[in-house]
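These protein sequences, in sequence, are chains A and B.
Counting in full-length UniProt numbering, the final residue of the first sequence is number 345, and the numbers go up one at a time with none missing.
Counting in full-length UniProt numbering, the final residue of the second sequence is number 345, and the numbers go up one at a time with none missing.
Read the structure below first, then the notes.
2 protein chains.
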Amino acid sequence: MIEAQKKTVLIIGGGAVGAIAALNLEVGGLAEVTLVLRSNYDAVNTHGFDIKSCDHGQVQGWKASRVRNTIPNLTTESLPPYGYILLCTKNIPDIPPTPASLVAPALPPSNTHTVLILLQNGLHIHKPFLASHPTTPVLSGISMIGSEETAPGKIIQDDPDRLLIGAFPNPNLGEDAGSAAAQDFARRYSAGGKTSCRVSGDVLHDRWRKLVYNAVLNPVCAILGLDTGRLRLAGGGEVVEGVVRPAMREVVRAAGACGVQLEEGVVEEMVEAEPVESYLSPSMLADVRKGNFIEYENLLGEPLREGKEKGVEMPTIEMLYYMAKAVQWRTAERKGLVEIPAKKV
Amino acid sequence: MIEAQKKTVLIIGGGAVGAIAALNLEVGGLAEVTLVLRSNYDAVNTHGFDIKSCDHGQVQGWKASRVRNTIPNLTTESLPPYGYILLCTKNIPDIPPTPASLVAPALPPSNTHTVLILLQNGLHIHKPFLASHPTTPVLSGISMIGSEETAPGKIIQDDPDRLLIGAFPNPNLGEDAGSAAAQDFARRYSAGGKTSCRVSGDVLHDRWRKLVYNAVLNPVCAILGLDTGRLRLAGGGEVVEGVVRPAMREVVRAAGACGVQLEEGVVEEMVEAEPVESYLSPSMLADVRKGNFIEYENLLGEPLREGKEKGVEMPTIEMLYYMAKAVQWRTAERKGLVEIPAKKV
Numbered sequence: 001m002i003e004a005q006k007k008t009v010l011i012i013g014g015g016a017v018g019a020i021a022a023l024n025l026e027v028g029g030l031a032e033v034t035l036v037l038r039s040n041y042d043a044v045n046t047h048g049f050d051i052k053s054c055d056h057g058q059v060q061g062w063k064a065s066r067v068r069n070t071i072p073n074l075t076t077e078s079l080p081p082y083g084y085i086l087l088c089t090k091n092i093p094d095i096p097p098t099p100a101s102l103v104a105p106a107l108p109p110s111n112t113h114t115v116l117i118l119l120q121n122g123l124h125i126h127k128p129f130l131a132s133h134p135t136t137p138v139l140s141g142i143s144m145i146g147s148e149e150t151a152p153g154k155i156i157q158d159d160p161d162r163l164l165i166g167a168f169p170n171p172n173l174g175e176d177a178g179s180a181a182a183q184d185f186a187r188r189y190s191a192g193g194k195t196s197c198r199v200s201g202d203v204l205h206d207r208w209r210k211l212v213y214n215a216v217l218n219p220v221c222a223i224l225g226l227d228t229g230r231l232r233l234a235g236g237g238e239v240v241e242g243v244v245r246p247a248m249r250e251v252v253r254a255a256g257a258c259g260v261q262l263e264e265g266v267v268e269e270m271v272e273a274e275p276v277e278s279y280l281s282p283s284m285l286a287d288v289r290k291g292n293f294i295e296y297e298n299l300l301g302e303p304l305r306e307g308k309e310k311g312v313e314m315p316t317i318e319m320l321y322y323m324a325k326a327v328q329w330r331t332a333e334r335k336g337l338v339e340i341p342a343k344k345v
Numbered sequence: 001m002i003e004a005q006k007k008t009v010l011i012i013g014g015g016a017v018g019a020i021a022a023l024n025l026e027v028g029g030l031a032e033v034t035l036v037l038r039s040n041y042d043a044v045n046t047h048g049f050d051i052k053s054c055d056h057g058q059v060q061g062w063k064a065s066r067v068r069n070t071i072p073n074l075t076t077e078s079l080p081p082y083g084y085i086l087l088c089t090k091n092i093p094d095i096p097p098t099p100a101s102l103v104a105p106a107l108p109p110s111n112t113h114t115v116l117i118l119l120q121n122g123l124h125i126h127k128p129f130l131a132s133h134p135t136t137p138v139l140s141g142i143s144m145i146g147s148e149e150t151a152p153g154k155i156i157q158d159d160p161d162r163l164l165i166g167a168f169p170n171p172n173l174g175e176d177a178g179s180a181a182a183q184d185f186a187r188r189y190s191a192g193g194k195t196s197c198r199v200s201g202d203v204l205h206d207r208w209r210k211l212v213y214n215a216v217l218n219p220v221c222a223i224l225g226l227d228t229g230r231l232r233l234a235g236g237g238e239v240v241e242g243v244v245r246p247a248m249r250e251v252v253r254a255a256g257a258c259g260v261q262l263e264e265g266v267v268e269e270m271v272e273a274e275p276v277e278s279y280l281s282p283s284m285l286a287d288v289r290k291g292n293f294i295e296y297e298n299l300l301g302e303p304l305r306e307g308k309e310k311g312v313e314m315p316t317i318e319m320l321y322y323m324a325k326a327v328q329w330r331t332a333e334r335k336g337l338v339e340i341p342a343k344k345v
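What follows is the structure, encoded as structure tokens:
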């Protein structure tokens, strides 16, 4: 009976977030996961994941039901559509492919069956799909997990997986479509009893709230090469006072100008989101250390543009934005994607 | 006859700036240089300097008249006082030893004979000497050289050595003492005909002017890990627009509030101080890459404090200051000088 209730879930991206989502969904027994990997495919396909998780304990050699290194092509592989597609890749609009083109082989433009969940950070990430997949229900997934891939296939999860699901607005669909899908997915995600998955009615609020952390600690740690613990210790706390808090207050003001009132104390909560002694590397710092591109446009660029359009002064965020842009350029140059004039002595 | 005119010059610090100063003074024939080296002592003592200079050409295996790895102790070594002491070390007040205690063995507290020249960057660097050596004439040396030590004893000088000498104010001495010393030193420094050494009557103006470059390009390049050429190319020039120019304008406004009017166009001049194709690493970037401490207090902290005291808004400089403080802390931690709480998983 339980078997019959299972839905197929395609998870694209099996890094620190996607791997835990895959594990948690299969532990619940209400999902059959196909996991698409890229950089860690060889490691995981051979040895499985090695996961040390505060939710799931020590899990060695684990694999999802299916593991692959390409996006399934429904047409050429004659596959039925998935119940859910969970996009857990980075969302980096300044670097191709776009999320909409990435997901295309598994999601026909006229899809109405498959529910797409963007388990990604930042503002406005659903907007491209309104154009490419106008009738697809798109859900927002906000993960407050603390996890890190320390080597290909090795995941350390320090901080519990708390997932917030909600429907992005879509003028082409009834409001109920999205919220029913969110309820269904939350039930499947919670079935294992190890994690918390809530359904939210206010996605915009949730996204701005998480930006207080993500638009600030992510780039500051990435730019300075310090994890959040060290950042708080640096200069006896002066760096948090001088950079982190002012930037977070700017995000809160921008949210307010966009009609999202964040509660008093959100800055404090985000500064202390994890203990100093976790020495957590936010995803942007982990990416910089791996030589990967960073998600600075959705995390910094979009809230900056929204805030400035509403007349909010955001000097700290603006400077972080341009510094993150420099970090992105540095990565592009190191990857050989930028041509620069020859040195003259 | 020329031999009789020679003065002894003790140069403390033989990195990219001190080595070129030593070479240039000895080429002129009016100075006999004792050069104190630290990290590159072994390399230079064995093989001499290998200098590729736009002023002096290719110079291989060169050594000053005397090379040593300790500060001469006039008392225990029974040495006569030097004519000049040129301090070419970094000036890092947050890390011991202080410049005044460093120079002490070669400069008695009651000295009136030796002229001290601080070939160092930043504001207010003469003030500690007013207390420790109240009767010593102290000159400001501002070097607009572009040079870099690429390996111990290997110096590449891309950009001509232009030195600006002037007397720091000292209420214990007549005004003429300092300016006569500045004239004498400039004559000796220019004697080789290869470099330009000017005497300035307005040291404060000169120092603020150089800060437009040093308070901005130094920390920005050090924080982002980009040389000045790459910084200008990054993001198609947007990083210069978004970070560098706003910060430079803040320094210009702070200077103005301190009574130093910098000419229109100084920002543009400093942004383009060297061609993109030089890919010059400012000293702070070179220091970060070598794992060394950076001079952020005199270059950023002092102008920030001066400007803020005068009521100037300096949000960009302030943020760079705190980020530089984080970089300094990161270096201290890597050197094992900071104890942090143990990681808890």
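The beta-carbon is built from N, C-alpha and C at its ideal position, and this holds for glycine as well.
Note that the structure is predicted; figures quoted are calculated from it, not measured.
For THR150(B), three-class secondary structure by DSSP: Along the second sequence, one-based indexing puts residue 150(B) at 150. Correct three-state label for THR150(B): strand.
Residue range of the alpha helix (DSSP H) that includes VAL44(B): For the purposes of this step, residue 44(B) is taken as the residue at position 44 of the second sequence. Start and end: 41 to 47.
Cross-strand partners of LEU226(B) (DSSP beta bridge): By 1-based counting over the second sequence, the position of residue 226(B) is 226. DSSP lists no partner for LEU226(B).
Closer than 8 Å to chain A by CB, MET270(B): The sequence position of residue 270(B) within the second sequence is 270, counting from 1. Chain A contact via Cβ: absent.
Under the three-state DSSP convention, the category ASP158(B) falls into: One-based indexing of the second sequence puts residue 158(B) at position 158. In this structure, ASP158(B) counts as strand in the three-state DSSP scheme.
Three-state class that DSSP yields for ALA324(A) in the structure shown: Residue 324(A) sits at position 324 when you count from the first residue of the first sequence. Reduced to three states, the DSSP call for ALA324(A) is helix.
Within-8 Å CB hit, MET1(B) to chain A: Residue mapping note: residue 1(B) aligns to position 1 of the second sequence, counting from 1. The predicted model places MET1(B) with a pLDDT of 43, which falls under 50 and marks its position as unreliable; any figure quoted below should be read in that light. No, because no Cβ of chain A sits closer than 8 Å to the Cβ of MET1(B).
Residue burial classification, GLU313(B) (beta-carbon count within 10 angstroms, cutoff 16): What you label residue 313(B) is simply residue 313 of the second sequence in a count that begins at 1. It counts as exposed.
The stretch 106 to 117 of chain A in contact with the stretch 245 to 256 of chain A per 3-pair CB rule at 8 Å: no
Nearest-angstrom Cβ-Cβ length linking THR135(B) and LEU173(B), presumed shorter than 8 Å: As a working mapping, residue 135(B) is identified with position 135 in the second sequence. As a working mapping, residue 173(B) is identified with position 173 in the second sequence. With a Cβ gap of about 7 Å, THR135(B) and LEU173(B) count as contacting.
Positions along the stretch 238 to 262 of chain A whose CB lies within less than 7 Å of some CB in chain B: GLU238, VAL239, GLY242 and VAL243
Min CB distance PRO219(A) to chain B below 8 Å: For the purposes of this step, residue 219(A) is taken as the residue at position 219 of the first sequence. Not closer than 8 Å to any Cβ of chain B, the Cβ of PRO219(A) fails to qualify, so no.
Short CB-CB distance (under 8 Å) between TYR279(A) and chain B: Here residue 279(A) refers to the residue found at position 279 of the first sequence. Yes, contact with chain B.
8 Å CB neighbourhood of GLU26(A) in its chain, flanking five on each side removed: By 1-based counting over the first sequence, the position of residue 26(A) is 26. For GLU26(A), where only same-chain residues beyond five positions count, the Cβ hits under 8 Å are GLU32, VAL33, ALA64 and SER65.
Alpha-carbon to alpha-carbon, VAL199(B) and residue 356(B): One cannot answer for residue 356(B) here, as it falls past the ends of chain B, which runs 1 to 345.
Contact set between THR316(B) and chain A, taken where Cβ atoms lie within less than 8 Å: Working through the second sequence from its first residue, we reach residue 316(B) at position 316. By Cβ distance, chain A contributes PRO315 and MET319.
Bridge partner(s) assigned by DSSP for VAL9(A): As a first step, residue 9(A) is located in the first sequence; it is residue number 9 there, counting from the start. According to DSSP, which records beta bridges pairwise, VAL9(A) is partnered with VAL33(A) and TYR84(A).
Cβ neighbour criterion (16 or more within 10 Å) applied to ASN73(B): Taking the second sequence and counting its residues from 1, one reaches residue 73(B) at position 73. Exposed.
Within-8 Å CB hit, TRP62(B) to chain A: On the second sequence, position 62 is the one that residue 62(B) refers to. Not an interface residue.
Cutoff 7 Å; reference LYS194(B); Cβ partners in own chain excluding five residues on either side: If you number the second sequence from 1, residue 194(B) lands on position 194. Excluding sequence neighbours, LYS194(B) sits near ASN24, VAL27, ASP55 and HIS56.
ASP287(A) (DSSP reduced to helix, strand or coil): Taking the first sequence and counting its residues from 1, the one referred to as residue 287(A) is at position 287. Of the three classes helix, strand and coil, the one that applies to ASP287(A) here is helix, per DSSP.
Three-way DSSP call (helix, strand, coil) for LYS210(A) in this model: Within the first sequence, residue 210(A) is the residue found at index 210, counting from 1. Note: LYS210(A) maps to helix in three-state DSSP.
Three-state secondary structure (DSSP) of GLN120(A): Within the first sequence, the letter at position 120 stands for residue 120(A). Correct three-state label for GLN120(A): coil.
Cβ distance (whole Å) where PRO152(B) is taken to contact SER39(B) below 8 Å: Position 152 of the second sequence, counted from the first residue, corresponds to residue 152(B). Position 39 of the second sequence, counted from the first residue, corresponds to residue 39(B). Correct: roughly 7 Å between the Cβ atoms.
GLY122(B) and ASN292(B) closer than 8 Å at C-beta: Residue mapping note: residue 122(B) aligns to position 122 of the second sequence, counting from 1. Residue mapping note: residue 292(B) aligns to position 292 of the second sequence, counting from 1. The answer is no: Cβ separation not under 8 Å.
Cβ pair PRO137(A), ALA106(A) closer than 8 Å: The residue given as residue 137(A) occupies position 137 in the first sequence. The residue given as residue 106(A) occupies position 106 in the first sequence. Against a cut-off of 8 Å, the Cβ pair of ALA106(A) and PRO137(A) comes out as no contact.
Within-8 Å CB hit, MET284(A) to chain B: Residue 284(A) sits at position 284 when you count from the first residue of the first sequence. Cβ-Cβ to chain B under 8 Å: no for MET284(A).
Nearest-angstrom beta carbon gap, LEU37(B) and GLY14(B) [assumed within contact, 8 Å]: One-based indexing of the second sequence puts residue 14(B) at position 14. One-based indexing of the second sequence puts residue 37(B) at position 37. That pair is a contact at about 4 Å.
Beta-carbon separation (whole angstroms), residue 350(B) vs ALA21(B), contact threshold 8 Å: This structure leaves residue 350(B) out entirely; chain B is present only between 1 and 345.
In DSSP terms, what SER132(A) is bridged to: The residue you call residue 132(A) lines up with position 132 of the first sequence. None; SER132(A) has no bridge partner.
Neighbour flag for ALA16(A) against chain B, beta carbons, 8 Å: Along the first sequence, one-based indexing puts residue 16(A) at 16. Answer no: the Cβ-Cβ gap between ALA16(A) and chain B never drops below 8 Å.
Through-space distance from TYR279(A) to ILE294(A), alpha-carbon basis: Here residue 294(A) is taken as the residue at index 294 of the first sequence, counted from 1. Here residue 279(A) is taken as the residue at index 279 of the first sequence, counted from 1. Straight-line Cα distance between these residues: approximately 20 Å.
Same chain only: Cβ atoms within 8 Å of ILE223(B), ignoring 5 sequence neighbours per side: Within the second sequence, the letter at position 223 stands for residue 223(B). Excluding residues within five positions, the ones whose Cβ falls inside 8 Å are LEU320, MET323, ALA324 and VAL327.
Minimum Cβ-Cβ distance from LYS194(A) to chain B less than 8 Å: By one-based count along the first sequence, residue 194(A) stands at place 194. No, because no Cβ of chain B sits closer than 8 Å to the Cβ of LYS194(A).
C-beta neighbour in chain B for MET144(A), strict 8 Å: Residue 144(A) sits at position 144 when you count from the first residue of the first sequence. So, not an interface residue.
Outcome for ALA16(A) when other beta-carbon atoms lying within 10 angstroms are tallied against a minimum of 16: The residue given as residue 16(A) occupies position 16 in the first sequence. Looking at its Cβ environment, which holds 16 or more other Cβ atoms inside 10 Å, ALA16(A) is buried.
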